[in-house]
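Trainee:
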Ligand SMILES: Cc1cc2nc3c(=O)[nH]c(=O)nc-3n(C[C@H](O)[C@H](O)[C@H](O)COP(=O)(O)OP(=O)(O)OC[C@H]3O[C@@H](n4cnc5c(N)ncnc54)[C@H](O)[C@@H]3O)c2cc1C
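Chains as they are written, first to last, in this note's numbering: chain A, 251 to 642; chain B, 240 to 495.
(1) In this structure, how does DSSP classify residue 295/B when only helix, strand and coil are distinguished?
(2) Considering residue 607/A, what are the terminal residues of the alpha helix (DSSP H) in which it resides?
(3) Please confirm if the segment 335 to 347 of chain A is in contact with the segment 449 to 467 of chain A, defined as three or more CB-CB distances below 8 angstroms between the two stretches.
(4) Taking C-beta pairs closer than 7 angstroms, name the residues in chain C that residue 470/A reaches, listed in chain order.
(5) Just confirm the distance between the C-beta atoms of residue 292/A and residue 367/A, as a whole number of angstroms; I'd bet it's less than 8 angstroms.
(6) If contact means a Cβ-Cβ distance below 8 angstroms, which residues of the segment 415 to 429 of chain B contact chain A?
(7) Please report how far the alpha carbon of residue 641/A lies from the alpha carbon of residue 570/A, in whole angstroms.
(8) Going along chain A, which residues have a C-beta under 8 angstroms from residue 240/B?
(9) If you measure from the beta carbon of residue 435/B to each beta carbon in chain A, is any gap under 7 angstroms?
(10) Measuring only between beta-carbons, confirm whether residue 403/B sits less than 7 angstroms from chain A.
(11) Is any heavy atom of ligand 1 found at a distance shorter than 6 angstroms from the C-beta of residue 591/A?
(12) Alpha carbon to alpha carbon, how far is residue 463/B from residue 495/B? Give it in angstroms, no decimals.
(13) Which residues of the segment 288 to 304 of chain A have a Cβ closer than 8 angstroms to any Cβ of chain B? Give them in chain order.
(14) What residue range is occupied by the uninterrupted beta strand (DSSP E) comprising residue 590/A?
(15) Rounded to the nearest angstrom, what separates residue 521/A and residue 537/A at their Cα positions?
(16) What does DSSP give as the partner residue(s) for residue 622/A in the beta ladder?
(17) Nearest-angstrom Cα distance between residue 320/B and residue 358/B?
(18) Does the CB of residue 269/B have a neighbour CB from chain A at under 7 angstroms?
(19) What residue range does the beta strand (DSSP E) around residue 402/A cover?
(20) Since residue 396/B and residue 383/B should fall inside the 8 angstroms C-beta cutoff, what is the C-beta to C-beta distance between them, to a whole number of angstroms?
(21) Examine chain B for any beta-carbon lying closer than 7 angstroms to the beta-carbon of residue 345/A, and answer yes or no.
(22) Interface residues of chain A around residue 312/B at Cβ under 9 angstroms?
(23) Have a look at 629/A, 588/A, 576/A and flag the residue whose alpha-carbon is nearest the alpha-carbon of residue 543/A.
(24) Going by C-alpha distance, which of 637/A, 369/A, 577/A, 470/A is nearest residue 440/A?
(25) Mind pulling the chain B residues with CB within less than 7 angstroms of residue 268/A?
(26) Assuming residue 279/A is part of the alpha helix (DSSP H), what are its boundary residues?
(27) Applying the 10 Å Cβ sphere with the 16-neighbour rule, what's the burial state of residue 539/A?
(28) Using a C-beta to C-beta distance shorter than 7 angstroms, which residues of chain A count as neighbours of residue 359/B?
(29) What distance in whole Å lies between the Cβ atoms of residue 249/B and residue 274/B, which are believed to be in contact at a cut-off of 8 angstroms?
(30) In its own chain, which residues sit with a C-beta less than 7 angstroms from the C-beta of residue 291/B, not counting the 5 before and 5 after it?
(31) To the nearest angstrom, report how far apart residue 389/A and residue 472/A are at their CA atoms.
(32) With a threshold of 16 other CB atoms inside 10 Å of the CB of residue 398/B, please say whether the residue is buried or exposed.
(33) Please check the pair residue 452/B and residue 330/B, which I expect to be a contact at CB under 8 angstroms, by giving their CB distance rounded to whole angstroms.
(34) Specify, as a first and last residue, the run of the alpha helix (DSSP H) that residue 598/A falls within.
(35) Establish whether the CB of residue 431/B and some CB of chain A are separated by less than 7 angstroms.
Okay, here's the thing in structure tokens:
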């Protein structure tokens with residue numbers, strides 16, 4: 251057993267932490283307040299090398315593994331959930347599927363500018379009537395009657411991160427392309443470029459959290475795309491989606507870990523400075539025990555998540571552990587932000603205090619990329635509760 | 240052209256320091272960083288390299304094995320080479336300056352030496368001046384701007400009352416960086432990966448000829464400043480308070 255991180259991983263943590271504290275922290279409050287997506291910060295994250303961390307250098311990535319990626323997301327999320335969302339969604343949901351399932355032409359066409367932060371890419375799975383039940387997709391793609399090499403897409407998607415920013419190049423979209431031999435729905439993923447005729451994106455406003463992150467609704471009205479826009483093969487859609495979510499869970503978990511750590515750091519600092527009854531409130535058992543519990547849970551969450559990332563980096567099965575890490579870190583984050591606000595007293599409820607934003611930003615982590623209930627369902631399936639052989 | 244940047248590894252500004260054995264600090268669990276002024280020095284050298292591909296940036300440090308970390312960080316920011324004078328002894332600043340100067344002399348075609356205006360650990364403000372002296376190079380300290388044209392260096396430095404002095408020197412020369420000089424870049428992930436592949440040059444005292452290590456300065460005692468007693472608030476009528484204050488100044492503080 252070796253719990254030591256590599257020197258590079260430690261250096262990455264230091265550099266990203268410094269970047270987050272110096273470049274993101276001063277802007278986070280305003281971007282949240284104005285509900286503004288920052289093209290500039292996105293570019294700066296790109297320059298730092300945060301996009302395409304696990305993509306090989308030949309496509310413009312950094313060629314590192316998931317553990318380094320997880321640490322980067324964690325450090326950004328420690329300061330700001332919105333920028334962490336841009337980062338995690340772009341890597342796991344945007345670039346990830348293009349790299350794992352794209353053909354050479356697609357990789358060469360799209361990935362380089364997605365690694366620099368010049369452009370972003372979305373991943374459209376969720377629909378108004380298909381959330382947890384992702385198989386309920388209604389968006390369809392049919393072969394164009396007059397042109398055998400083209401498809402016509404109709405339908406809509408909702409809650410798609412990074413899909414309508416000023417620098418979005420397009421989105422991967424999951425569609426139903428007919429029925430398989432056994433009568434089951436056949437799912438296929440398409441790459442749809444921004445600006446394709448009939449494809450409209452609309453930015454969603456008035457979010458409780460991730461207000462500095464771009465979230466969009468997508469509408470497809472007879473959108474014609476060519477065969478070249480198929481991601482993987484016809485019928486690969488369901489597999490691509492599951493695989494993408496398995497990996498994506500690691501980065502959502504990293505956001506939970508970062509939020510928990512950020513809330514803890516703020517709470518500890520505040521508790522040591524705030525004097526009541528002539529003493530720092532950190533010396534009261536009620537506060538000290540809260541901080542101890544937070545520290546223990548954060549340590550446990552970090553170990554679980556890093557292990558899942560290690561399994562993934564070493565080519566071992568990590569799916570159960572990534573679901574566990576996503577579930578656990580987001581719930582640890584819930585308890586940590588809650589305790590942190592409690593420790594801040596009335597000030598914790600004021601937007602002037604960072605902890606107020608962390609409190610709101612945490613909430614989505616128990617919902618996005620599979621709710622906590624769905625994570626429990628996934629884990630239970632791996633445990634054999636439903637004796638569902640096909641998941642093995 | 241060779242450019243040297245002197246890098247000192249120091250405890251993080253936020254590290255909680257404690258004294259060990261009365262003369263040194265407890266190094267356990269300290270986080271080490273590049274002395275911030277040295278980062279400004281490094282950034283200025285890297286900017287030079289961006290403008291002129293012939294510039295080779297050598298980061299040079301003197302210190303124990305852990306000081307390698309500071310060199311790795313400098314390489315990750317973009318330095319071409321890392322040179323480590325490995326030294327665990329507590330040597331005089333004068334000796335250290337000689338060792339640094341002798342190491343720089345080993346390379347030819349050295350045009351510039353960038354150093355932070357001071358190291359934030361001991362704030363002794365001597366190394367740069369001594370290094371310049373031993374290299375027989377002119378030095379301008381505490382610069383806030385830097386320009387190189389041909390072999391002419393023009394830099395501005397802040398002097399009393401916020402006045403600015405412009406100094407010209409010819410290369411080879413030494414400059415020391417102040418905070419307003421520039422904004423150091425972040426070590427990018429690409430830079431960190433590149434740094435990993437660069438092998439550090441290791442130098443020991445014996446590689447540097449005859450340098451006397453005889454100590455002429457000794458740390459007698461190192462101690463944390465005493466905790467400030469809380470302020471005292473006098474109460475009552477102004478006349479009484481003044482009387483009380485005079486009494487305190489006479490009898491307790493003994494300044495009257
Ligand atoms: C800010 C944000 C960004 C997002 N980004 C993306 C994105 O980039 N791409 C994308 O495709 N999607 C994205 N999503 C969508 C997200 O993944 C879904 O919101 C999520 O999967 C839940 O779906 P739903 O909202 O439709 O809730 P529902 O599925 O309607 O769930 C409602 C409730 O019912 C529970 N429930 C449902 N089924 C079960 C069951 N079988 N057993 C027990 N409980 C159940 C759920 O746990 C939940 O509590 C994003 C969402 C948000 C809020």
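A virtual CB, placed ideally from N, CA and C, is assigned to each residue, including glycine. All values derive from a computational prediction rather than experimental measurement.
Mentor: Looking at the coordinates:
(1) In this structure, residue 295/B counts as strand in the three-state DSSP scheme.
(2) Here the alpha helix (DSSP H) through residue 607/A covers 604 to 612.
(3) Proximity of the segment 335 to 347 of chain A to the segment 449 to 467 of chain A meets the contact definition, three or more beta-carbon pairs being nearer than 8 angstroms.
(4) No chain C appears in the structure shown, which is made up of the protein chains A and B.
(5) Contact flag correct, Cβ pair sits at about 5 angstroms.
(6) Within the segment 415 to 429 of chain B, the residues whose Cβ lies closer than 8 angstroms to some Cβ of chain A are 425, 426, 427, 428, 429, listed in chain order.
(7) Bear in mind that a pLDDT of 49 at residue 641/A, under 50, signals an unreliable position, so the model cannot answer this.
(8) Correct list: empty, because the minimum Cβ distance to chain A is about 27 angstroms.
(9) It does; some Cβ of chain A falls within 7 angstroms.
(10) Residue 403/B does not count as touching chain A.
(11) Checking every heavy atom of ligand 1 against the Cβ of residue 591/A, none is found closer than 6 angstroms.
(12) Whole-angstrom Cα-Cα distance: 29 angstroms.
(13) The residues in question are 297, 298, 299, 300, 303.
(14) In this chain, residue 590/A is not harboured by any beta strand (DSSP E); it is covered by the alpha helix (DSSP H) spanning 569 to 594.
(15) Rounded to whole angstroms, residue 521/A and residue 537/A show a C-alpha spacing of 8 angstroms.
(16) DSSP, once it has assigned bridges, lists no residue as partnering residue 622/A.
(17) The straight-line gap from Cα to Cα measures roughly 21 angstroms.
(18) No, residue 269/B does not count as interfacial toward chain A.
(19) Unbroken beta strand (DSSP E) run through residue 402/A: 400 to 411.
(20) Between residue 383/B and residue 396/B the Cβ distance is about 6 angstroms, and since that is below 8 angstroms, they are a contact.
(21) No - not a single Cβ of chain B is within 7 angstroms of the one on residue 345/A.
(22) What residue 312/B touches in chain A: 261, 264, 265.
(23) Checking every option, the nearest Cα to that of residue 543/A belongs to 588/A.
(24) Here the closest residue by C-alpha is 470/A.
(25) Near residue 268/A (Cβ distances below 7 angstroms), the residues of chain B are 425.
(26) Boundaries of the alpha helix (DSSP H) around residue 279/A: 275 to 284.
(27) Classification for residue 539/A: exposed.
(28) Here the premise fails: no neighbours, minimum Cβ distance about 16 angstroms.
(29) Their Cβ separation, rounded to whole angstroms, is 5 angstroms, which keeps residue 274/B and residue 249/B in contact under 8 angstroms.
(30) Leaving aside the five residues that flank residue 291/B on each side, none in its chain has a CB nearer than 7 angstroms to its CB.
(31) Spanning the two alpha carbons is a distance of roughly 11 angstroms.
(32) With fewer than 16 Cβ atoms within 10 Å of its Cβ, residue 398/B is classed as exposed.
(33) Between residue 330/B and residue 452/B the Cβ distance is about 6 angstroms, and since that is below 8 angstroms, they are a contact.
(34) From DSSP, residue 598/A is part of no alpha helix (DSSP H); its letter is neither H nor E.
(35) Closer than 7 angstroms to some Cβ of chain A, the Cβ of residue 431/B qualifies, so yes.
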